[in-house]
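Novice: Take this structure first; my questions come after.
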Amino acid sequence: MDIQFLVNYLLGYGWKRQGHSFFSLHYVAILVNFLKGMIGPGCLSLPLAFKQAGLWTALFLVFFLGFLNCVCMNKLVRCAQILCKRKGDSFLSYGNMAYEAVSGSFRPVRKYARIARICTNASIISLQMGICSVFYVFCAIHLKESNEEFFPSSPFKPTTIQWMFIIFLPFLIINFVRSIKPIAVISMIGNVVCLICLAFIFQYLIRIEDRTIKLPRVTDFEGIMAACGSILYAFEGQAMVLPLENKLKKPSQMVGTFGILSVGIAAVSVIFALCGFLGFTAFGNDVRGSITLNLPQDNIQFSLLRLALTLVIYLGFVIQLYVIVDMLWPALWKRLERRGGFCSSVNLKLPFELALRTFLLFIIMIFGIAVPNLEELIPLVGVTTGMLLAFLIPPLLDLLTWLPIRIKRREYKLATLLIIEDLIMVLIGLFGMIAGLQANLLYLTTLLYGLIKGMDINLFGIDDRKGKNPVQEEHPNSTISKFSLVELSFLIRILNSINDEDLYIFTQINNQNEHEKESVQEIEKIIKEKGIKIAVEIGFKEYNENILKFINKINSVSKFLFFLLSASRKLSASRLIGYNILLLDPIHMNFLLF
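First residue of the sequence shown: 1, per the UniProt record's numbering; consecutive thereafter.
Right under this line is the structure:
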């Protein structure tokens, strides 16, 4: 997204599409800008996508989703070209293009043109808010890691969520920068440093010799949908396509078999596939939300690299938020001016704008606190706004733009093919968004319920307060009723961390141990290790007495886990988790619906 505003500032908006402006860029320069805009911090989460979907499944998904992205980007460009020609404009933004596509389509849908623009702009704003939240959580997690690495004996060891409060002021200060000129300079510096860091990470991943190729080929449906979200987050770049196309000497070079979009997406897909494959085979199921968190911590080079990337994300945050402010503030100020009175005073324009920036940053921080893990946050952003902007809006605009033209020309076969093609893309987008949301909301609903009720969620650790598990009243004798809401959420995270490799280990334990008691103890040991690891990852204190107490409580369900896991070699981890919860709780998972 930053390339859009960087190009706009450095090259200007008002140059005619078919003119010979001094500022028009040739094919190679636009391709380089496109690649620079696509390859960013998002690719650091791709090894996680390979873990979520399985090695070969994720490899296929990268190229498949890359191809679909390319198709939809081509649709956007073709629509923009015909609409600009019809309207006589040199440039249309994404939102204005949606307005023109609907207003120039069939008569019954023209009245929805304004709604189409609002929905498209709202999707872009939502995507930017999601990206900002990922950036915010990324900085908090990496600062926590760096602090513990550089000052291991220091008593100052804030949790991830505490770091989010600490960094609020520095983020607020940099986001009070209002001029596009320093933002463009910051973006250019950040892009250069980011590319250097990514190159350094790539050379390290390539040189790793001890690789684990025997990893799960495919996991489960929920994992695959979460991986789609992570991959789509990395492929985010729809909003920069139109500004770049506007700067080409020959706009036709943007599309086609050897167009910038086709060549660029092909190159990006290969880079993303290599990053995910190399990262997952290097670290296996220990891979975390960002590959930087898996890099060696006893090496000063990697420590400085993590700090450099944190600085890049911090500097890049300002242009991501600028996109939101640039879309919201002019409309809000016009409303205030129309109302008149005290609020429309010119002297209050700057304070109101700064108040808007502060409010947006506060919302971003709250969202980061609600989902303080890159593992959950990145897929969630990808399967919602990523799906909307990539697979839903472009085919709909394509259909509304070209179908009337095909019918008017009596090209009925082409019109039929257009309808089939675009509806397939829309169905893929709808399915991906709904299924992806369902796959991501399991943990989020549990956490959100606790936040709303103010029961067992303590931002600075686990707290045994007066909150009650709602299952206790209806089913007081069920195993799940013995857990508090935080413990329930924690148990779900542990169960979700069980993968096919763990199932294989459990099966081997079952085969090797003759006595059930010994096998159960081995299972308990693995679950305890997972519990402590997850507790550290999500920001709870490592040796908190309540966590250890809860992990001991898990022993009461270890027998269920043992019998279920050891007897079911062929079932996926997700299905086992579902069956396990059915065994633990007779109300058939209704507790997840709250």
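Glycine included, C-beta positions come from ideal geometry on N, C-alpha and C. Predicted model, so just to flag it, every value in this text is computed and none were measured.
(1) For Lys321, which option in Leu242, Leu309, Ile183 has the closest C-alpha, if you only look at C-alpha atoms?
(2) Pairs of beta-carbons, one from the segment 392–406 and one from the segment 99–117, closer than 8 Å: are there three or more?
(3) Provide the residue span of the alpha helix (DSSP H) that contains Cys79, from first to last.
(4) For Tyr412, count neighbouring C-beta atoms within 10 Å of its own C-beta (all shown protein chains included) and say buried if the count is 16 or more, exposed if not.
(5) Can you tell me whether Gly256 is buried or exposed, with buried defined as 16 or more other CB within 10 angstroms of its CB?
(6) What's the gap between the Cα of Met73 and the Cα of Pro379?
(7) Could you work out which residue in Pro296, Lys144, Leu360, Thr385 is closest to Phe171 when comparing CA atoms only?
(8) Should the segment 66–86 be called in touch with the segment 294–310, which here means at least 3 C-beta pairs below 8 Å?
(9) At the level of alpha carbons, what is the spacing between Gly130 and Arg410?
(10) Among residues of its own chain, excluding the 5 on either side of Ile324, which ones have a beta-carbon nearer than 8 Å to its beta-carbon?
(11) With respect to the alpha helix (DSSP H) encompassing Tyr112, which residues constitute its N-terminal and C-terminal limits?
(12) How long is the line joining the alpha carbons of Val28 and Lys85, rounded to whole angstroms?
(13) Please determine, among Ile364, Leu350, Gly264, Pro41, the residue with the shortest C-alpha to C-alpha distance to Leu31.
(14) Kindly list the residues whose CB is nearer than 8 Å to the CB of Ser153, restricted to its own chain and excluding five residues on each side of it in sequence; keep chain order.
(15) Answer yes if the segment 164–179 comes into contact with the segment 278–292, meaning at least three C-beta pairs across the two stretches below 8 Å, and no otherwise.
(16) Exposed or buried, Thr416, counting other C-beta atoms within 10 Å across all chains shown (16 or more means buried)?
(17) In chain order, what are the residue ranges of uninterrupted alpha helix (DSSP H) at least 4 long that sit wholly in the segment 138–220?
(18) Tell me the rounded alpha-carbon separation between Ala122 and Ile424.
(19) Give the straight-line distance between the Cα atoms of Leu232 and Leu350, rounded to the nearest whole angstrom.
(20) How should Ser179 be labelled, buried or exposed, when 16 other C-beta atoms within 10 angstroms of its C-beta is the threshold for buried?
(21) Less than 8 Å between C-beta atoms, sequence neighbours within five positions excluded: which residues of the same chain meet that for Gly279?
(22) What is the rounded straight-line gap between the Cα of Leu76 and the Cα of Leu83?
(23) By alpha-carbon positions, which one of Pro158, Ala53, Asn191, Glu421 ends up nearest to Tyr314?
(24) Got a sec, what are the start and stop residues for the alpha helix (DSSP H) Phe317 sits in?
(25) Please report the distance separating the alpha-carbon of Pro372 from that of Ile405.
(26) Using 8 Å as the Cβ pair cut-off and three pairs as the minimum, do the segment 208–226 and the segment 51–63 touch?
Specialist: Looking at the coordinates:
(1) Note on identity: in this sequence residue 321 is Leu, with Lys being the wrong assignment. Selected option, being the one with the closest Cα: Ile183.
(2) yes
(3) 55–87
(4) exposed
(5) exposed
(6) 21 Å
(7) Comparing Cα positions, the closest option is Leu360.
(8) Touching, no, given that fewer than three Cβ pairs across the two stretches are closer than 8 Å.
(9) 44 Å
(10) Ile125, Gln128, Met129, Cys132, Leu360
(11) Taken as a continuous stretch (DSSP letters only), Tyr112 belongs to no alpha helix (DSSP H), as it is neither H nor E.
(12) 25 Å
(13) Gly264
(14) none
(15) no
(16) Looking at its Cβ environment, which holds fewer than 16 other Cβ atoms inside 10 Å, Thr416 is exposed.
(17) 160–166, 168–174, 180–207
(18) 24 Å
(19) 36 Å
(20) That one is exposed.
(21) Leu46, Pro47, Phe50, Leu205, Val287, Ile291, Asn294
(22) When rounded, the distance between both Cα atoms is 10 Å.
(23) Asn191
(24) 300–339
(25) 48 Å
(26) yes
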